[in-house]
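Engineer: First residue of the sequence shown? That's 18 in the numbering used here, and the numbers climb one at a time after it. Encoded as structure tokens, here's the structure I'll be asking about.
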Amino acid sequence: MAKRTLRDLPGQFAIDFENTGGSTPPAEELSDDNRLYYLSFGSGSSGNSCYIGTRRGGVIIDAGVNDADVERILAENSIPMSNVKAILLTHDHTDHIKYVYKLLRTNKNLRLYCTNRVLLGILRRHSISKRIKEFHNPIFKEIPFRVLDFEITAFEVPHDGSDNVGYSISYNGVNFVLATDLGAIPARAEYYMSRANYLVIEANYDLRMLLNGSYPEHLKARIQTERGHLDNEVTAAFLSRIYTPALRNVFLCHLSKDNNRPEIALSCVRSALEKRGVTVGDASNSVADRNSDIHICALPRFEGTPLFLFRT
């Protein structure tokens, strides 16, 4: 059976951010190019998971989205589960680990990468088989490890999980960095995030919506602490401060369903960047915005994204 190409996928499209400014690429098999592929399966308190890969294969970061949906979305983009070699976990909260053991158990090609404290937190907090330890490759913060062609470095982020990390993934001179679920951006996290070409960063809440919303006061207070979540203004100010032309794309993740809106988060970030003279493009309409300095988008909470293609 012949391999499907991107154009064989009804209702699916890929966004190529380099050279074309985001146009649908020529019909070609995913295995025949040298790009990074990224897609999100869902981003929010109901479940978080994404894929980053190359023609040789890739990794899933977090496993809070239903495993059937993960496998379906990958298949719709001509990525077989056999190409996925690892699951990386950021921390042990349910919306990041709920389906990790099922994915590991049903896909023998997968290994689990997380810190020992994250694994112990999973076993202590959740009803997950102790056999998950059989899949575990322990990792250590700021000590790089390799999966396929990726050099991956976990770095500390402040949150209220048992242990909490972001990831810097380097491939062919390009850096993809993910930092979700963090209440502040300490110096070492900033070190990695400021070197990103493609950055996934939390923009969890709008402060006014949170303060005027229905959450109990103790939860409002928790969210605002350094071990809570980032609000739009903090994320926007950070992006404005670290921006260089090397930063090509920003994906806003983990938007609160109750205390944020995609248009509010995007407007906040856009305004901060434009005050620096940066032209900001809309990732969902990147052909029209091909000459922009940077493209931004807010990741959907409950559904997958198109397949984003990044040239290296």
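Glycine included, C-beta positions come from ideal geometry on N, C-alpha and C.
So which of Phe172, Leu264, Pro279, Pro262 has the shortest CA-CA distance to Cys270?
Structural biologist: By one-based count along the sequence shown, residue 270 stands at place 253. Nearest of Phe172, Leu264, Pro279, Pro262 to Cys270, Cα basis: Pro279.
Engineer: Could you tell me the distance, in whole angstroms, from the CA atom of Pro317 to the CA atom of Gly81?
Structural biologist: For the purposes of this step, residue 317 is taken as the residue at position 300 of the sequence shown. For the purposes of this step, residue 81 is taken as the residue at position 64 of the sequence shown. Taking the straight line from one Cα to the other gives about 14 Å.
Engineer: Evaluate Tyr116 with the Cβ neighbour count: other Cβ atoms within 10 Å of its Cβ, from every protein chain shown; 16 or more gives buried, anything less gives exposed.
Structural biologist: Stepping through the sequence shown from its first residue, residue 116 is reached at position 99. With 16 or more other Cβ atoms within 10 Å, it is buried.
Engineer: Can you have a look at His235 and say buried or exposed, based on whether 16 or more other CB atoms are within 10 angstroms of its CB?
Structural biologist: Taking the sequence shown and counting its residues from 1, one reaches residue 235 at position 218. Counting C-beta atoms within 10 angstroms of its own C-beta, His235 has fewer than 16 neighbours from the protein chains shown and is therefore classed as exposed.
Engineer: How big is the Cα-Cα spacing for Lys102 and Asn229?
Structural biologist: In the sequence shown, counting from the first residue as 1, residue 102 sits at position 85. In the sequence shown, counting from the first residue as 1, residue 229 sits at position 212. The straight-line gap from Cα to Cα measures roughly 44 Å.
Engineer: How long is the line joining the alpha carbons of Ser211 and Val174, rounded to whole angstroms?
Structural biologist: Sequence index remark: in the sequence shown, residue 211 carries index 194 (1-based). Sequence index remark: in the sequence shown, residue 174 carries index 157 (1-based). Near 14 Å, if we compare the C-alpha coordinates of Val174 and Ser211.
Engineer: Of all the options Thr71, Thr197, Phe319, Ala206, which has the alpha carbon lying nearest to the alpha carbon of Val217?
Structural biologist: Within the sequence shown, the letter at position 200 stands for residue 217. Of Thr71, Thr197, Phe319, Ala206, the residue nearest in Cα terms is Thr197.
Engineer: Please classify Thr252 as buried or exposed, where buried requires at least 16 other C-beta atoms within 10 Å of its C-beta.
Structural biologist: Locating residue 252 in the sequence shown gives position 235, where the first residue counts as 1. Buried, because 16 or more other Cβ atoms sit within 10 Å of the Cβ of Thr252.
Engineer: Taking only the alpha-carbon atoms, compute the straight-line gap between Asn83 and Asp112 and give it to the nearest angstrom.
Structural biologist: Here residue 83 is taken as the residue at index 66 of the sequence shown, counted from 1. Here residue 112 is taken as the residue at index 95 of the sequence shown, counted from 1. Straight-line Cα distance between these residues: approximately 10 Å.
Engineer: Judging by CA-CA distance, which residue of Asn266, Tyr260, Phe268 is the nearest neighbour of Arg293?
Structural biologist: For the purposes of this step, residue 293 is identified with residue 276 of the sequence shown, where counting begins at 1. For the set Asn266, Tyr260, Phe268, the Cα lying nearest the Cα of Arg293 is the one of Tyr260.
Engineer: Would you tell me roughly how many angstroms separate the C-alpha atoms of Asp310 and Leu264, rounded to the nearest one?
Structural biologist: Within the sequence shown, the letter at position 293 stands for residue 310. Within the sequence shown, the letter at position 247 stands for residue 264. Cα-Cα distance, rounded: 9 Å.
Engineer: Tell me, please, which residues DSSP counts as bridged to Gly330.
Structural biologist: Any question about residue 330 goes unanswered here, given that the chain covers just 18 to 329.
Engineer: For Ala196, which of helix, strand or coil comes out of DSSP?
Structural biologist: Counting from one through the sequence shown, the residue named residue 196 turns up at place 179. Ala196: strand per DSSP, three-state reduction.
Engineer: Quick one: grab the DSSP three-state call for Glu320.
Structural biologist: Against the sequence shown, residue 320 aligns to sequence position 303. Note: Glu320 maps to coil in three-state DSSP.
Engineer: Do you know offhand how far Leu91's Cα is from Thr170's?
Structural biologist: Walking along the sequence shown from the start, residue 91 turns up at place 74. Walking along the sequence shown from the start, residue 170 turns up at place 153. Looking at the two C-alpha atoms, the distance is approximately 24 Å.
Engineer: Taking the straight line between their C-alpha atoms, what separation do you get for Ile240 and Phe58?
Structural biologist: Translated into the one-based positions of the sequence shown, residue 240 becomes position 223. Translated into the one-based positions of the sequence shown, residue 58 becomes position 41. Looking at the two C-alpha atoms, the distance is approximately 24 Å.
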